[in-house]
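Q: I have a structure here, written as structure tokens, and I will follow up with some questions on it.
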Amino acid sequence: MTLQLDTTIAAYFAAANAGRHEQLALCFEADAEVRDEGSTRQGRAAIAAWAGEAHRRYAAVSTPRAVAGSGADLIVTADVAGNFPGSPLPLHFHFRLGETGIAALSIKP
Numbered sequence: 001m002t003l004q005l006d007t008t009i010a011a012y013f014a015a016a017n018a019g020r021h022e023q024l025a026l027c028f029e030a031d032a033e034v035r036d037e038g039s040t041r042q043g044r045a046a047i048a049a050w051a052g053e054a055h056r057r058y059a060a061v062s063t064p065r066a067v068a069g070s071g072a073d074l075i076v077t078a079d080v081a082g083n084f085p086g087s088p089l090p091l092h093f094h095f096r097l098g099e100t101g102i103a104a105l106s107i108k109p
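When the letters of the sequence shown are read in order and numbered with the UniProt record's numbering, they come out as residues 1 to 109.
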């Protein structure tokens with residue numbers, strides 16, 4: 001069975017896994033925010049920088065396994081493998097979709 005993801009969320013994971021940070025940032029609305037590892041980044045430039053740094057540090061690849069929620073609020077559970085202790089780990093990507101892209105993303109264990 002193939003997991004059906006919103007096209008913007010699928011594009012986010014594809015760009016993240018390929019290390020395409022600028023393309024990843026374009027999946028977000030201009031004033032979107034990302035919360036990860038206790039920090040918040042706002043705006044596409046900050047999101048691209050966060051994605052680039054995370055890719056350099058962890059070389060992580062995310063494999064979405066499940067999606068829950070409805071409408072604009074979706075939680076994608078993904079197995080994330082990379083250069084970090086305990087790899088791979090299941091992480092929960094809490095997406096809030098806006099009119100033109102991802103409005104907010106929070107990544108939690």
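For each residue, glycine too, the CB sits at the ideal point set by N, CA and C.
1. Beta carbon of Leu91, beta carbon of Lys108: below 8 Å?
2. Could you tell me whether the stretch 22-40 touches the stretch 57-77, using the rule of 3 or more Cβ pairs below 8 Å?
3. Quick one: which unbroken beta strand (DSSP E) runs of 3-plus residues sit fully inside the UniProt domain "SnoaL-like" (10-97)? Chain order, please.
4. Can you tell me the Cβ-Cβ gap for Ala32 and Leu24, rounded? I've got them flagged as a contact below 8 Å.
5. What residue does the beta strand (DSSP E) around Leu105 start on, and which one ends it?
6. Identify, in the order they occur along the chain, each residue of the same chain with its Cβ nearer than 6 Å to the Cβ of Ala68, setting aside the five sequence neighbours on each side.
7. For Ala78, count the other beta carbons within 10 Å of its own beta carbon; 16 or more makes it buried, fewer makes it exposed. Which is it?
8. Is it buried or exposed for Arg41, if we count other Cβ within 10 angstroms and need 16 for buried?
9. What residue from Asp6, Gly82 and Thr8 has the CA that sits closest to His55's CA?
A: Result, derived from the coordinates:
1. Closer than 8 Å, so yes.
2. The stretch 22-40, when compared against the stretch 57-77, does not touch it at the 8 Å Cβ threshold.
3. The qualifying runs are 28-36, 39-42, 61-70, 73-81 and 89-97.
4. Cβ-Cβ separation between Ala32 and Leu24: approximately 11 Å, too far for a contact (criterion under 8 Å).
5. Unbroken beta strand (DSSP E) run through Leu105: Ile102 to Lys108.
6. Excluding positions up to five away in sequence, the list reads Ile75.
7. Result: buried.
8. Taking all protein chains in view, the Cβ of Arg41 is crowded by 16 or more other Cβ atoms within 10 Å, so the residue is classified as buried.
9. The shortest Cα separation from His55 among Asp6, Gly82 and Thr8 belongs to Gly82.
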